[in-house]
Amino acid sequence: KFEHPRCGSLEYLPKRRTKHHKGRIRHFPKDDASKPVHLTAFSGYKAGMTHVVRYHERREGKKMIKKDIVEAVTVIETPPIKVVGIVGYVETPRGLRTLSTVWAQHLSDNVKRRFYKN
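In terms of the working numbering, the sequence shown opens at residue 1 and continues consecutively.
Written out as structure tokens, the structure is:
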């Protein structure tokens with residue numbers, strides 16, 4: 001009987017389309033209390049990849065080396081963000097805890113439609 005190691009990883013199984021297309025932000029930078037309140041994260045989606053040609057000059061001794069370098073780049077799509085609320089956190093011995101949530105007074109129908117399944 002012919003036996004061999006499997007071809008490919010089992011990490012990405014099952015291979016099917018996701019039920020929820022909205023991503024989530026998994027990491028936030030360290031907060032600096034001396035700076036004013038600001039946006040710490042912004043969501044983006046990988047739209048694809050392409051390449052760019054970059055002109056590079058370098059000196060080795062007396063001669064100049066000039067060449068074009070082709071590099072791979074990722075295209076990230078960042079849709080417009082609409083703020084619908086703010087969440088306040090308080091520091092506890094076990095980590096951050098939600099203190100209160102403030103919602104915007106006037107929400108559009110498109111935003112309300114996303115909160116309800118039916």
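Backbone N, C-alpha and C fix where the C-beta goes; we use that ideal spot for every residue, glycine too.
Check: Beta-bridge pairing of lysine 66 - partner residues as DSSP gives them; Outcome: Glu57
Check: Alpha-carbon to alpha-carbon, isoleucine 65 and isoleucine 25; Outcome: 43 angstroms
Check: Contact the region 39 to 48 vs the region 70 to 87: 3+ CB pairs below 8 angstroms; Outcome: yes
Check: CA-to-CA distance, lysine 19 to valine 84, given in whole angstroms; Outcome: 24 angstroms
Check: Rounded Cβ spacing between isoleucine 86 and valine 70 (contact assumed at less than 8 angstroms); Outcome: 44 angstroms between Cβ atoms; not a contact.
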